[in-house]
Each structure stands twice: as structure tokens, then as C-alpha cells.
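Report on one structure; see the data block that follows.
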Amino acid sequence: MKDKRARVVRCIRTLPAGTVSSYGALAKAAGWPGAARQVVRILHQVPGLAWHRVVGSGGAIKLCGEQAAEQRFRLRMEGVTFRGARVDMKRHEFHFSKVKLARSR
DNA sequence: AGGGTGACGATCA
DNA sequence: ATGATCGCCACCC
0 MKDKRARVVR CIRTLPAGTV SSYGALAKAA GWPGAARQVV RILHQVPGLA WHRVVGSGGA
60 IKLCGEQAAE QRFRLRMEGV TFRGARVDMK RHEFHFSKVK LARSR
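For the first sequence, numbering that gives the first Met the number 0 assigns the number 0 to the initial residue and increments by one for each residue that follows.
Here is the structure:
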């Protein structure tokens with residue numbers, strides 16, 4: 000359904016610079032649990048999203064080669080720190096509020 | 001309709 | 001920590 004997709008997009012858009020979220024957590028936050036792969040697809044389809052703020056569970060960069068480098072670069076540029084090969088989730092993971100998220104109020 | 005695929009996730013050896 | 005496997009779900013041929 001497209002609602003879910005729109006919701007995912009909205010969630011991604013609410014991610015502040017300097018924070019990250021995981022594909023799975025993001026899907027869940029958007030009310031679409033287990034749709035990590037769909038989130039991936041959306042990131043591919045919808046241009047203009049902060050795709051670099053979405054990482055794998057535990058803060059792992061799931062891309063390969065230059066794409067991975069690009070993502071790390073962009074994140075570090077936003078102030079995100081790493082713990083080894085992964086994002087330091089303890090400090091940067093974004094916790095979506097329970098509240099129905101950002102319907103502009 | 002059927003089968004393959006993917007910027008995933010959790011689990012197990 | 002690494003690699004294999006299975007579950008998941010929408011999209012594409």
C-alpha cells in the first residue's frame with residue numbers, strides 16, 4: 000500500500016541531521032514492521048531523501064564500496080561518530096516518538 | 001501466475 | 001566477528 004510508503008517517507012524526512020535510524024526500526028516506526036526491504040526500495044525510488052541517515056541494524060553500513068564510503072563521509076560530516084565500522088547508535092540513533100509522528104500540527 | 005531479487009534482520013554454527 | 005540460512009514483502013520480468 001502506498002500509505003505505508005508515504006509514512007515511511009515522512010519518517011525519513013523527520014530524521015534530523017546528525018541522527019540515523021535503521022531500515023527495520025524505521026519501517027516499524029512507520030507502522031510497517033518487517034518491511035526493511037521495502038524501505039530499501041523506497042530509498043531507491045524516492046529522490047531527495049536523506050538515504051545516508053538510514054543504516055542497517057546496530058548501525059552497520061550495508062552498502063558496498065564507494066557507496067559505503069559516501070555514506071560514512073556524509074554522516075561524519077553531520078557530526079555522526081563511529082564505533083569501528085558502525086555508527087555509534089548509542090549516541091545517534093533517532094527514537095521516533097510513539098505519538099503518531101509529525102503530522103504537522 | 002511463477003520465480004528471482006534486494007542499500008534487511010534475526011538466529012545459529 | 002564471519003558466513004550461511006531462513007523469513008519477509010513488494011517489485012520486475
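Virtual Cβ for every residue (Gly too), placed ideally from N, Cα, C.
Could you tell me which of G17, L25 and V19 sits nearest to R9, measuring between CA atoms? L25
Buried or exposed for G58, please, with buried defined as at least 16 other CB atoms from any protein chain shown within 10 angstroms of its CB. buried
For the alpha helix (DSSP H) that I41 lies in, which residues bound it at each end? Note, I41: alpha helix (DSSP H), A35 to Q44.
Cutoff 7 Å; reference A35; Cβ partners in own chain excluding five residues on either side: Y22, G23 and A26
Identify whether V105 lies in helix, strand or coil by the three-state DSSP scheme. Here the chain covers residues 0 to 104 and nothing more, so residue 105 does not appear.
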